[in-house]
Structure formats: structure tokens, C-alpha cells
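Here the sequence shown stands for residues 12 to 466, numbered as in the numbering used here.
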Amino acid sequence: MLDRIDANKARLSQVWMGYDAEQRRFGFIDSDKFVYLKADELPDNDFIEVEKGLWKSEKAYAQFNGLFHINAQITPEVRATLVEAGARKNYLALSALILHEDFHGFQREHFVDNRSDTLAYADIGELPPYEVFAAVRFERRLLQSILERFDETDVRNDLITSYVAHRNVRSQLMPESFSINENAIERSEGTATWFEFYAMKELGFLHDVTPVMIRRLQSSSEEIGGDLSARFFSQRLYGTGAAISDIVHRLSIPNWQQAIKLGKSPFDILNEHYAVSTDIALQTYKVLQTSQAYRDELTASKRFEIPIQPLQRLNNIAEEYAFKVTFELDNASRDEFDYGFAAKQIVSLPEGLLLPNIYRFNASADNVRISVEGENVLLHKTASLSSELGVSKSTFALFVDTIKIDDKALSLGSYSARAEDIEATGCQFEGEGNIRITVEKADVELSKIKSDSVD
Numbered sequence: 012m013l014d015r016i017d018a019n020k021a022r023l024s025q026v027w028m029g030y031d032a033e034q035r036r037f038g039f040i041d042s043d044k045f046v047y048l049k050a051d052e053l054p055d056n057d058f059i060e061v062e063k064g065l066w067k068s069e070k071a072y073a074q075f076n077g078l079f080h081i082n083a084q085i086t087p088e089v090r091a092t093l094v095e096a097g098a099r100k101n102y103l104a105l106s107a108l109i110l111h112e113d114f115h116g117f118q119r120e121h122f123v124d125n126r127s128d129t130l131a132y133a134d135i136g137e138l139p140p141y142e143v144f145a146a147v148r149f150e151r152r153l154l155q156s157i158l159e160r161f162d163e164t165d166v167r168n169d170l171i172t173s174y175v176a177h178r179n180v181r182s183q184l185m186p187e188s189f190s191i192n193e194n195a196i197e198r199s200e201g202t203a204t205w206f207e208f209y210a211m212k213e214l215g216f217l218h219d220v221t222p223v224m225i226r227r228l229q230s231s232s233e234e235i236g237g238d239l240s241a242r243f244f245s246q247r248l249y250g251t252g253a254a255i256s257d258i259v260h261r262l263s264i265p266n267w268q269q270a271i272k273l274g275k276s277p278f279d280i281l282n283e284h285y286a287v288s289t290d291i292a293l294q295t296y297k298v299l300q301t302s303q304a305y306r307d308e309l310t311a312s313k314r315f316e317i318p319i320q321p322l323q324r325l326n327n328i329a330e331e332y333a334f335k336v337t338f339e340l341d342n343a344s345r346d347e348f349d350y351g352f353a354a355k356q357i358v359s360l361p362e363g364l365l366l367p368n369i370y371r372f373n374a375s376a377d378n379v380r381i382s383v384e385g386e387n388v389l390l391h392k393t394a395s396l397s398s399e400l401g402v403s404k405s406t407f408a409l410f411v412d413t414i415k416i417d418d419k420a421l422s423l424g425s426y427s428a429r430a431e432d433i434e435a436t437g438c439q440f441e442g443e444g445n446i447r448i449t450v451e452k453a454d455v456e457l458s459k460i461k462s463d464s465v466d
């Protein structure tokens with residue numbers, strides 16, 4: 012994998028304007044947390060050459076818990092995009108992963124206002140969920156047809172006009188936040204997926220990107236999964252963003268990559284070049300809503316199971332416990348945890364992520380190690396550009412009935428203690444580092460959300 016990427020860096024640099032693969036480092040992490048980097052020369056004194064051009068770190072990096080790490084600071088002199096060696100089943104999938112994630116690293120450094128959140132809270136307003144499901148699935152059908160019939164100019168142009176009209180009217184019927192998140196995620200994840208496909212083609216792993224693009228579009232995220240936010244904002248927008256990017260690319264719209272870099276989304280660009288008046292868009296929308304294709308999607312969507320609303324999930328958990336306990340590092344030199352988790356479900360809330368009955372949650376820092384199993388974890392949202400999930404790494408919270416320091420149960424209030432002196436059900440605290448603890452009533456988060464909605 013690394014050899015193929017290294018040998019084709021000049022070709023990779025042609026995929027996206029400004030992306031210079033020669034200036035980027037790629038590597039992987041083995042099961043013992045040792046880092047391997049591909050480089051012609053010694054990347055740092057802490058690395059040894061294990062074979063020509065492949066360097067292994069002399070120490071393990073226990074803090075690298077996730078499947079990938081973007082622009083990871085390995086030493087003061089070395090940054091690289093890393094993937095866990097076992098993150099995918101084969102080297103093709105692993106190559107696609109590292110290219111996709113490294114493009115996110117490029118976005119962070121070069122895209123204007125690169126904030127996006129695939130786990131954002133999806134406010135669909137007053138529309139029934141099944142109608143929104145039907146609408147976005149129908150729009151995916153239109154995108155697929157555009158890709159399949161791209162060389163039939165008149166048909167293609169009619170399909171693009173239909174897509175633009177339907178999406179614009181649908182967006183007007185929903186809260187503005189929904190389309191803002193759609194555009195942001197398509198700009199971030201959609202372009203990274205487009206780059207991934209074309210980079211794999213340059214490496215000789217793909218002959219034609221269109222079939223792969225269509226398969227990605229066809230992978231439905233609306234039918235299954237947890238809350239509505241994950242179904243609307245997660246994997247769906249990787250495919251739609253990549254497809255729209257490819258349509259714009261194949262239309263040879265000048266400087267489209269530069270426009271995205273400067274803040275536009277793929278749909279912004281397509282919308283500008285296929286502008287439809289409000290009246291024509293509404294007429295087109297009404298006609299499309301009577302089509303057999305739309306009716307088929309509406310019938311299918313009515314059969315989808317609609318999950319419990321996110322705030323009700325939070326309320327149900329809050330009713331089961333006495334306290335919500337928030338943990339922060341009490342460390343002047345560092346204020347963020349390194350953490351990773353394996354979640355059964357992720358529930359998006361207006362101000363955070365709820366991870367109910369989590370498989371595993373690990374948080375670590377200098378002299379602090381925390382592991383949680385089977386409990387309910389709450390992560391708080393952040394506007395930081397460095398967070399892959401759009402959540403703060405400075406704090407996290409648990410719902411508990413009892414929490415102790417030195418075997419003494421805590422009541423409402425704020426505390427500070429060494430990690431190893433803290434006790435809570437389902438949790439293991441280790442290390443001599445200090446942690447700040449805030450104990451509040453379990454329903455405090457729900458009260459905050461309700462208060463914000465009133466304001």
C-alpha cells in the first residue's frame with residue numbers, strides 16, 4: 012500500500028489543485044502501537060529503517076486509539092496521516108481509507124471554513140420523517156441517472172435541472188440548518204470521497220470511477236441505524252457529495268475545485284450553473300412528486316422504522332440515574348483527552364452526542380487513563396476545526412447513580428481528584444493525573460436544551 016502511494020505521488024498530485032502528495036507523509040500503526048512511515052530519508056532520530064524506505068518508531072504510541080489519525084503529530088518534526096493496519100479487510104480498502112483521510116488533512120490546512128459535522132443534529136421541522144426519506148432517496152435516484160446518462164446531453168441537462176429544482180424546493184420546506192449541514196458535509200466528505208475514487212484510479216486500483224460512484228449512491232443509510240440525524244447526515248452525503256463533485260468535474264466547470272476550497276459546496280456550484288427560477292422550480296417539484304419513481308420511494312419510506320426522538324432518548328436515560336458527571340483534565344499544560352470509542356449507537360443532540368450503553372470508551376492523557384463499558388456517555392459539541400466528530404475533547408460526561416473519591420460518595424458540586432482515586436460503576440480510572448469533576452442532576456442537560464429552545 013505505502014509503496015504504491017509513494018511511487019505514484021506525482022500522479023496523486025494531479026487529482027486536486029494544490030494537493031501535493033510529495034509534501035505529505037503516510038503511515039500505519041501496528042497492533043502494538045508502533046508507527047511505520049514511508050520516507051526516502053530518516054524522518055526522525057526516534058525511527059529505525061526496517062526495510063528500504065520504511066521506518067519504524069522506536070517507541071509505541073499508546074495514545075493512537077482510533078482507526079485513523081489525520082496530520083498526527085508523531086514527533087515535533089514529523090506529522091503524518093496514519094491508519095491502523097487492521098482497520099480494513101484488505102490493502103485496497105486500506106489504501107482508500109488513508110487517501111480519504113489524508114485529503115481531510117489537506118482540507119484542514121487549505122479549505123476556508125472547513126467545519127462540517129456528520130453527526131450534527133438533523134432538524135427536519137414539521138415534515139414527517141418518511142416524506143424527507145422519500146425526498147432524499149428520490150434525489151439520489153436523479154443523481155444516479157445523471158451519471159448513467161451523462162453523455163446524452165439533453166437528457167443529462169433535464170435531469171440536472173430536475174435535481175436542482177427538487178432539492179431547492181425541498182430545502183425551502185425544511186429548517187435552514189438542514190441544508191447548511193448538507194452542504195457542509197458534502198463539501199467535506201463528498202469531495203474527500205471524490206478524491207479517494209480518483210486517487211485510487213491513479214494508483215491503478217480502479218479503471219472507471221462511475222460504477223463505484225453509483226454503488227456509493229445506492230448504499231442506503233435511511234432504512235437502518237439509530238436516530239434520524241445519523242440516517243440523514245451520515246453516509247448518504249458522502250455519496251451525494253462525491254456524485255455532485257463528479258458531475259461538476261465532468262461538465263468542465265472552470266475552477267470548481269478552487270471555488271470549493273474558498274467556501275462553496277458542490278451543490279452551490281451546480282446550482283449556479285443550472286439556475287432555476289422559484290416558480291419553475293416549484294412547478295418542476297410538483298411534477299416530480301407525481302412521478303412513479305417518487306411514489307415508489309414514498310411507499311418504501313413509509314415502511315421504515317422511525318426511532319425514538321433524540322431528546323426522548325436523553326430524557327429516558329436521565330430518568331434512570333441520579334447524576335450527570337462531567338470530567339475535565341486538571342492540568343495546566345494540557346486540556347484535551349485523547350479518546351476513542353466503539354458505540355452501539357450514536358444519538359445526535361442539539362448540543363452533543365449521546366452514546367447509550369457503549370461498548371467501549373477510552374480517554375487518556377498524561378498520567379490519566381479512563382475506560383468505560385456498558386454505560387451512557389455524553390460528548391459535548393465544539394466549533395473546533397481539529398475535531399473529526401465535531402465534539403469537544405476537553406470534557407465528557409457519564410450518567411451515574413453514585414460516584415466516589417477515596418470511597419466517599421459525592422453529592423452535587425465540583426471536585427478535583429487523582430484519577431486512580433475515582434470510582435464509578437462500569438468505569439476504570441488509572442493514573443496520578445488530576446481530573447476536575449462536576450456533579451449535576453441527571454436531567455440538567457435536558458433542561459439546558461429546553462431553555463435554549465425557548466430563548
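For glycine and all other residues, C-beta sits at the position ideal for the given N, C-alpha and C.
Own chain, CB closer than 8 Å to residue i, minus 5 neighbours either side, in chain order
i	result
N192	S127, D128, A131, A133 and F244
K272	M28, G29, H121, F122 and V123
F352	L366, I369, Y370, R371, F372, N373 and V388
L170	L153, S156, I157 and R160
D463	Unreliable placement is indicated for D463, whose pLDDT of 46 sits below 50; the coordinate value is still reported in the next sentence. Closer than 8 Å at the Cβ level, and outside the excluded window around D463, lie P361 and E362.
Assumed close pair residue i, residue j - CB separation to whole angstroms, cut-off 8 Å
i	j	result
R261	F161	6 Å
K44	A71	4 Å
Three-state secondary structure (DSSP) of residue i
i	result
Y332	coil
H218	coil
W66	strand
L110	helix
I271	helix
G351	strand
G29	coil
S312	helix
L262	coil
S199	helix
F149	helix
N194	helix
Y47	strand
S375	strand
S382	strand
L184	coil
T92	strand
E137	coil
T301	coil
N82	strand
K100	coil
R126	coil
Residue i vs residue j beta-carbon contact at 8 Å
i	j	result
S173	L154	no
I317	G252	no
K392	F348	no
V259	L239	no
A428	G444	no
L23	E213	yes
E69	I59	yes
Y350	N56	no
F39	V94	yes
A203	I357	no
S106	R35	no
Y249	R227	yes
L103	F216	yes
G8	S256	One cannot answer for residue 8 here, as it falls past the ends of the chain, which runs 12 to 466.
S190	S182	yes
Y285	V175	yes
M211	L78	no
Neighbourhood of residue i by C-beta, 7 Å cutoff - its chain only, sequence neighbours within 5 removed
i	result
A453	A329, Y332, A333, F334, K335 and F410
I416	Y426, A428, D432 and I433
G274	V123 and D124
E283	none
T86	D55 and D57
A304	F149 and R152
Own chain, CB closer than 6 Å to residue i, minus 5 neighbours either side, in chain order
i	result
L389	G363, L365 and A408
S276	N194, E197 and R198
I414	V336, L421 and A435
K20	A32 and E33
T449	T337 and S425
S312	Y141, F144 and A145
Sheet register partners of residue i (DSSP bridge)
i	result
N282	For N282, which the question treats as bridged, DSSP gives no partner whatsoever.
I59	K67
S359	L364
H391	G363
F424	According to the sequence shown, residue 424 is Gly rather than Phe. The partner list for G424 (beta bridge, DSSP) reads V450.
Q439	S382
L340	I446
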